[in-house]
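In my numbering, the protein residues as written are 367 to 529.
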């Protein structure tokens, strides 16, 4: 059942909704790029040197990664759209911290895996906007310090801080 939110959308929530929508859309080319890995990296010949168990594990992890990116992108796009249209949120606010944590972890393992160099630094620069924008959206979806009418406290209900 679709219901409107109980609080009117603030400018901050609107900004967060646009950020989440844009992040959801950006996942589409990211998924397409990952789907092209077998062709781009010539897995037909390159993986033939691996033991069958290792080759199958690489394929399984590759498909799990595509599923994860697709799920994260779909959830982000759906949530941005729901918030932009004024429907109740489907994801709690804390979920965006978890997603930002995933991207920070992904960035954190880039250099130790590939080593310090232009390719790993370029990848870090490419991925850094993801956690940054998820954290900005999380912040904007949080309680505002003061109500616009001057009443303090309406948006500071403790039970809503991490929602």
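Don't be surprised by glycine CBs; every beta carbon is placed ideally from N, CA and C.
For residue 320, the first and last residue of its enclosing alpha helix (DSSP H): This structure gives no information on residue 320, because the portion of the chain shown stretches from 367 to 529.
query: Does the beta-carbon of residue 499 have 16 or more other beta-carbons within 10 angstroms, so that it is buried, or is it exposed?
result: Burial call: buried.
message: At the level of alpha carbons, what is the spacing between residue 466 and residue 476?
response: Their Cα atoms are separated by approximately 16 angstroms.
- prompt: What residue does the alpha helix (DSSP H) around residue 492 start on, and which one ends it?
  reply: Looking at the DSSP string, the run of the alpha helix (DSSP H) that includes residue 492 is 484-493.
message: Here's a check: name, in chain order, each residue in its chain whose Cβ is nearer than 6 angstroms to the Cβ of residue 386, leaving out the five neighbours to either side.
response: Taken in chain order, the residues that qualify are 442, 445, 446 and 503.
- prompt: For residue 453, which three-state DSSP category applies?
  reply: Residue state, collapsed to three classes: strand.
- prompt: Leaving out the 5 sequence neighbours to the left and right, which residues in its chain are closer than 8 angstroms to residue 450 when beta-carbon positions are compared?
  reply: Counting only Cβ-Cβ distances below 8 angstroms, and skipping sequence neighbours, we find 380, 383, 384 and 387.
Reduced DSSP secondary structure (H/G/I, E/B, other) of residue 395: In the structure shown, residue 395 sits in a helix (DSSP, three-state: H, G or I).
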